[in-house]
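Student: Taken in sequence, the protein lines are chains A and B. Residue 185 in my numbering sits at position 185 of the first sequence, with consecutive numbering throughout. Residue 84 in my numbering sits at position 84 of the second sequence, with consecutive numbering throughout. Here's a structure for you.
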Amino acid sequence: MPTATSQPESPAAADRSAQGYVKSLRGKESGIDYPIEPRTICDTDFGPVEVTYDYAAMKGKVTRASIEAGPRSLWRYRDLLPISGEPRAGLRSGFTPLVRADRLAQHLGCKELYIKDDSANYPSFSYKDRVVSVAVTKAFEFGFDCVGCASTGNLAHSVAAHAAAAGMEAVVMVPHDLEAGKMAAMRVFGPRVVRIEGNYDDVNRLCSQIADKYNWAIVNVNLRPFYTEGAKTHGFEIAEQMGWRLPQHTVSPVAGGTILPKIYKAYKEFIELGLVEDNGAKMYGAQAQGCNPIVTALEEDAELFRPQKPDTIAKSIAIGNPADGYYVLKDIRESGGGGASATDDEIVAAMKLLAETEGIFTEPAGGTTLACAIKLIENGTIPKDESICVCITGNGLKTIEALDGQFDEAAAIPAKMKDFSALIDG
Amino acid sequence: MPDTINVEIPAALRPQVNDQEAVAVEGATVGDLLNTMKADYPEFGAKLFNDAGELNRFVNIYVNDEDIRFLDNLDTAVTSADQVAVVPAIAGG
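Structure (C-alpha cells):
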C-alpha cells in the first residue's frame with residue numbers, strides 16, 4: 001500500500017532502463033543530438049534543444065492501462081518525461097480537474113466545452129507546478145543545490161515552493177512591479193527574491209546573462225529543455241480525462257511560448273503511441289491586447305513576430321518577446337487553428353463569467369484565454385457544435401488587484417434579525 | 001574614425017571568438033559591429049546571420065539593455081559609451 005510519501009511507480013517501470021525512454025537532446029532546427037546534460041541552446045544555430053524519446057520501445061508498454069495505474073499526479077506520465085531516477089519534486093502536482101463546463105457552454109451556445117483547471121494545481125496554483133516538478137528533479141539528478149528562474153510571478157512562486165520542499169536553495173528574479181499576492185506567496189517559502197527594474201523581458205535577458213556566471217540550475221535557461229517537457233502533462237491530462245480522446249479545439253494562453261507547443265506535442269505523442277485517435281485537433285493562442293505579438297503575426301500572416309512592450313493587467317502572460325513564439329506560430333498554423341486577443345475589460349469580464357458560471361476563480365491570464373475563446377466561438381472560427389477545451393493556467397487569488405473597483409462594497413448591518421430582513425426583503 | 005566598442009558575448013558563443021567574454025570592434029552602427037565580427041570570426045558570423053544575411057532569429061542584440069528591434073535594428077547608432085550585448089533568446093514565464 002503506497003504511503004503519502006512513497007515514490008510513484010507505474011507498471012511500465014520494469015521495462016524502463018535507467019535513462020527511461022529518453023534518447024537525446026536534439027537541436028530543434030539543426031537536428032544535432034547532444035547527451036542529456038544542462039544545456040541552454042544548440043551550439044550550431046543557437047536555437048532551442050528538445051528531448052527526444054524512443055517511441056518504438058514504448059509501444060505496447062506505455063499504454064492506457066499503465067498510465068491509469070500510475071499515481072494521481074503528473075508523474076503518471078513519467079515514461080514520457082525526461083527523468084532518469086525517481087521523481088524528486090511534485091509528487092502531488094498535476095492531475096488537476098478537467099471540468100465539463102455545461103453552464104458556461106449553455107451561456108455561449110456550445111455543445112461540449114471543457115475547462116482544464118490548473119488554478120487548482122498543487123502546491124502553487126498554476127500550470128508552472130508541472131514544469132518545475134520536472135526541472136527540480138533534473139536539478140537533483142545533475143547535482144545542483146540551487147535552482148533559479150526569471151519569472152512573471154507564477155514560475156517564481158512554484159520554484160520557491162518546490163525548492164523549499166526539496167531542501168534546495170532558490171533564487172528568483174522578477175519584475176519590480178509584481179502583484180502583492182504573488183510576492184507574498186513566493187516569499188513565504190524563503191527564496192532569495194531579486195526584483196528587477198523593468199519588464200519581464202528585461203528580467204529574462206538579465207537572467208540568461210546571470211546563467212553564464214553562476215552555477216545555478218536556472219529552470220528556464222540551462223534546464224529549459226527538461227522544464228518545458230513538464231508542460232506536456234497539461235495536454236496528456238486533457239486527453240486522458242476526456243476519455244482518451246482529444247478536444248477538436250484547444251485554446252491556450254501564449255506568453256513565452258512554452259505551453260501551447262507542448263500541449264500539441266503531448267497530443268502528437270499520444271497519437272504516435274496509439275493512445276488516442278488523430279482527430280485533427282486544432283490549437284488556438286490567446287493573448288492580451290496589450291501584449292499580443294503572436295496574434296499580431298497571425299493576423300498579418302507574418303512568419304516572425306515583432307516584439308512588443310507589454311501594457312496589460314494580464315501580467316503573468318505579459319511577455320513581449322516570446323522566445324518560443326516562432327514555434328507557437330508554427331504549431332497553430334500546422335494544426336489549422338488561430339488566435340485572438342482580448343482587452344483588459346474583456347479579460348476581467350471573462351474572469352467574472354468563469355467564476356459565476358463554473359465556480360472557478362482564475363487570474364487575468366485565464367480571463368484572457370476564456371475571453372479569446374469566446375471571441376473565436378462567436379466569430380465562427382471555433383464551431384459551437386464541436387469539442388472545445390479552454391486551458392486555465394493560474395489562480396485569481398494571487399491577483400486580486402485585477403478586480404479592484406469591480407464590486408460595490410457589501411453593506412454592513414447590525415447583528416439583528418430585523419436589519420437582515422430589511423436588507424434582504426427591501 | 002568610428003569608435004571601438006566592446007560587444008559582450010554569451011558563454012555559449014565564446015568558443016567561436018577565442019573564448020573572449022567581450023570582443024572589441026570598430027563601428028558606427030550595430031550592423032557595422034556585427035559585420036566586422038563576422039569577418040574577424042567567420043565561424044561566429046556563420047551562426048549569427050542566415051544565408052539571406054538576416055540576423056539569426058534565436059539571437060537578440062541589446063544596446064544599453066534595449067533590444068535593437070525597438071531601436072533602429074542593425075542601423076542603430078553606437079558609440080564607445082554604449083553597451084552592446086549578444087544574448088540568446090530564452091523562454092520563461
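Where a beta carbon is used, it is the ideal one built from N, C-alpha and C, also for glycine. Quick caveat: nothing in here was measured; it's all calculated off a predicted structure.
Would Y326 of chain A pass as an interface residue toward chain B - the criterion being a Cβ-Cβ separation below 8 Å?
Tutor: As a working note, residue 326 of chain A is residue 326 in the first sequence. Chain B contact via Cβ: present.
Student: Name the DSSP bridge partner or partners of A257 of chain A?
Tutor: Translated into positions along the first sequence, residue 257 of chain A becomes position 257. Ala is not the amino acid found at residue 257 of chain A; the sequence shown has Gly there. DSSP, once it has assigned bridges, lists no residue as partnering G257 of chain A.
Student: In chain order, what residues of the region 34-59 of chain A put their CB closer than 8 Å to some CB of chain B?
Tutor: Cβ contacts with chain B: T40, I41, D43, T44, D45, F46, G47, P48.
Student: Near K265 of chain A, what residues of its chain come up, given a Cβ to Cβ distance below 8 Å and the 5 sequence neighbours on each side ignored?
Tutor: If you number the first sequence from 1, residue 265 of chain A lands on position 265. Once the five neighbours on either side are set aside, the close Cβ partners of K265 of chain A are K232, G235.
Student: Have a look at M1 of chain A and T250 of chain A and give me their C-alpha separation to the nearest angstrom.
Tutor: Here residue 1 of chain A corresponds to residue number 1 of the first sequence, with the count starting at 1. Here residue 250 of chain A corresponds to residue number 250 of the first sequence, with the count starting at 1. Here M1 of chain A scores only 31 on pLDDT, less than 50, and its place in the model should not be relied on; the value that follows carries that caveat. If you take the alpha carbons of M1 of chain A and T250 of chain A, they lie about 37 Å apart.
Student: Quickly, what does DSSP pair S24 of chain A with across the bridge? List them, please.
Tutor: Counted from its first residue, the first sequence places residue 24 of chain A at position 24. A:T52, per the DSSP bridge assignment.
Student: Answer yes if the region 180-190 of chain A comes into contact with the region 383-402 of chain A, meaning at least three C-beta pairs across the two stretches below 8 Å, and no otherwise.
Tutor: Output reads yes: the region 180-190 of chain A touches the region 383-402 of chain A.
Student: Near S158 of chain A, what residues of its chain come up, given a Cβ to Cβ distance below 6 Å and the 5 sequence neighbours on each side ignored?
Tutor: Here residue 158 of chain A refers to the residue found at position 158 when the first sequence is read from its first residue. Excluding residues within five positions, the ones whose Cβ falls inside 6 Å are S124, K128, D129, V132.
Student: What are the start and end residues of the beta strand (DSSP E) that includes I413 of chain A?
Tutor: As a first step, residue 413 of chain A is located in the first sequence; it is residue number 413 there, counting from the start. Run containing I413 of chain A: none; DSSP gives neither H nor E here.
Student: Hey, quick one: how far does the beta strand (DSSP E) through N6 of chain B stretch, first residue to last?
Tutor: If you number the second sequence from 1, residue 6 of chain B lands on position 6. Here the beta strand (DSSP E) through N6 of chain B covers 4-8.
Student: Can you tell me where the beta strand (DSSP E) holding R100 of chain A begins and where it ends?
Tutor: Counted from its first residue, the first sequence places residue 100 of chain A at position 100. From DSSP, the beta strand (DSSP E) with R100 of chain A extends over 98-100.
Student: Would you report the Cα separation of A166 of chain A and I90 of chain B, rounded to the nearest angstrom?
Tutor: For the purposes of this step, residue 166 of chain A is identified with residue 166 of the first sequence, where counting begins at 1. For the purposes of this step, residue 90 of chain B is identified with residue 90 of the second sequence, where counting begins at 1. Rounded to the nearest angstrom, the two C-alpha atoms are 25 Å apart.
Student: So what does P175 of chain A bridge to, in DSSP terms?
Tutor: Here residue 175 of chain A refers to the residue found at position 175 when the first sequence is read from its first residue. BP columns for P175 of chain A point to A:I196.
Student: So which residues on chain B does L304 of chain A lean against when the C-beta distance must stay under 8 Å?
Tutor: Here residue 304 of chain A corresponds to residue number 304 of the first sequence, with the count starting at 1. Those are R57, listed as they occur along chain B.
Student: So is the beta-carbon of T36 of chain B under 7 Å away from any non-hydrogen atom of the ligand ADP?
Tutor: As far as ligands go, the structure on display features none, and thus does not contain the ligand ADP.
Student: Report the rounded CA-to-CA distance for A105 of chain A versus E386 of chain A, giving the unit in angstroms.
Tutor: Reading the first sequence from its first residue, position 105 is the one you call residue 105 of chain A. Reading the first sequence from its first residue, position 386 is the one you call residue 386 of chain A. Those two C-alpha atoms are separated by around 11 Å.
Student: For L423 of chain A, does the three-state DSSP call read helix, strand or coil?
Tutor: Start at 1 with the first residue of the first sequence, and residue 423 of chain A comes out as number 423. Reduced to three states, the DSSP call for L423 of chain A is helix.
Student: By the three-class DSSP mapping on this structure, what secondary structure does E86 of chain A have?
Tutor: Indexing the first sequence from 1 puts residue 86 of chain A at position 86. Three-state DSSP puts E86 of chain A in coil, outside helix and strand.
Student: Residues in the region 219-230 of chain A with C-beta within 8 Å of chain B's C-beta atoms, listed in sequence order?
Tutor: Under the 8 Å Cβ criterion, the region 219-230 of chain A contributes N220, V221, R224, T228.
Student: Would you mind sorting P175 of chain A into buried or exposed? The rule is 16 or more other CB atoms within 10 Å of its CB.
Tutor: Here residue 175 of chain A refers to the residue found at position 175 of the first sequence. So P175 of chain A ends up on the buried side.
Student: Would P10 of chain B pass as an interface residue toward chain A - the criterion being a Cβ-Cβ separation below 8 Å?
Tutor: Locating residue 10 of chain B in the second sequence gives position 10, counting from the first residue. Yes, because at least one Cβ of chain A sits closer than 8 Å to the Cβ of P10 of chain B.
Student: P82 of chain A and V147 of chain A - do their beta-carbons sit closer together than 8 Å?
Tutor: On the first sequence, position 147 is the one that residue 147 of chain A refers to. On the first sequence, position 82 is the one that residue 82 of chain A refers to. Result no, Cβ atoms of V147 of chain A and P82 of chain A do not sit closer than 8 Å.
Student: Apart from the five residues just before and just after I347 of chain A, which ones in its own chain have a Cβ nearer than 7 Å to its Cβ?
Tutor: In the first sequence, residue 347 of chain A corresponds to position 347, counting from 1. So the list reads A288, I313, A314, P364, G367, T368, A371, once near-sequence residues are dropped.
Student: In chain order, which continuous runs of the beta strand (DSSP E) of length 3 or greater are located wholly inside the region 108-190 of chain A?
Tutor: Within the region 108-190 of chain A, the complete beta strand (DSSP E) runs of at least 3 residues are 112-117, 146-150, 169-175.
Student: Only counting the same chain, and skipping five residues up and downstream in sequence, which positions put a Cβ closer than 6 Å to that of D149 of chain B?
Tutor: There is no way to answer for residue 149 of chain B, as the model of chain B reaches only from 1 to 93.
Student: Can you round the beta-carbon distance between N6 of chain B and A22 of chain B to whole angstroms, since I take them to be within the 8 Å contact cut?
Tutor: Within the second sequence, numbered from 1, the residue matching residue 6 of chain B stands at position 6. Within the second sequence, numbered from 1, the residue matching residue 22 of chain B stands at position 22. With 8 Å as the limit, N6 of chain B and A22 of chain B qualify as a contact, their Cβ atoms being about 4 Å apart.
Student: If distances are taken between C-alpha atoms only, which option among A:T357, A:Y227, A:S335 comes closest to G280 of chain A?
Tutor: Translated into the one-based positions of the first sequence, residue 280 of chain A becomes position 280. Considering only alpha carbons, the answer is A:S335.
Student: So, G394 of chain A versus T362 of chain A, is the Cβ gap smaller than 8 Å?
Tutor: The sequence position of residue 394 of chain A within the first sequence is 394, counting from 1. The sequence position of residue 362 of chain A within the first sequence is 362, counting from 1. Yes, they are a contact pair.
Student: Within 10 Å of its beta-carbon, does E409 of chain A have 16 or more other beta-carbons around it, so buried, or fewer, so exposed?
Tutor: Here residue 409 of chain A refers to the residue found at position 409 when the first sequence is read from its first residue. Exposed, by the Cβ-count rule.
Student: Buried or exposed: which applies to L273 of chain A, given that a residue is buried once 16 or more other Cβ atoms fall within 10 Å of its Cβ?
Tutor: Taking the first sequence and counting its residues from 1, one reaches residue 273 of chain A at position 273. Counting Cβ neighbours within 10 Å, L273 of chain A comes out buried, since at least 16 surround it.
Student: Does the beta carbon of D75 of chain B sit closer than 8 Å to a beta carbon anywhere in chain A?
Tutor: On the second sequence, position 75 is the one that residue 75 of chain B refers to. It does not: the Cβ of D75 of chain B has no partner Cβ on chain A nearer than 8 Å.
Student: Flag this pair as yes or no: are the beta carbons of P310 of chain A and N220 of chain A separated by less than 8 Å?
Tutor: Position 310 of the first sequence holds residue 310 of chain A. Position 220 of the first sequence holds residue 220 of chain A. In this structure, N220 of chain A does not lie closer than 8 Å to P310 of chain A by Cβ.
Student: Helix, strand or coil, according to DSSP, for K282 of chain A in the structure here?
Tutor: On the first sequence, residue 282 of chain A is found 282 positions in, with the first residue counted as 1. Residue state, collapsed to three classes: strand.
Student: Consult DSSP for S66 of chain A and reduce its assignment to one of helix, strand or coil.
Tutor: Along the first sequence, one-based indexing puts residue 66 of chain A at 66. Reduced to three states, the DSSP call for S66 of chain A is helix.
Student: On the premise that G290 of chain A lies in contact with D324 of chain A, defined as a C-beta separation below 8 Å, what is that separation, rounded to the nearest angstrom?
Tutor: Counted from its first residue, the first sequence places residue 324 of chain A at position 324. Counted from its first residue, the first sequence places residue 290 of chain A at position 290. Contact flag wrong, Cβ pair sits at about 20 Å.
Student: Report yes if the CB atom of S93 of chain A is closer than 8 Å to the CB atom of N121 of chain A, and no otherwise.
Tutor: On the first sequence, residue 93 of chain A is found 93 positions in, with the first residue counted as 1. On the first sequence, residue 121 of chain A is found 121 positions in, with the first residue counted as 1. Closer than 8 Å, so yes.
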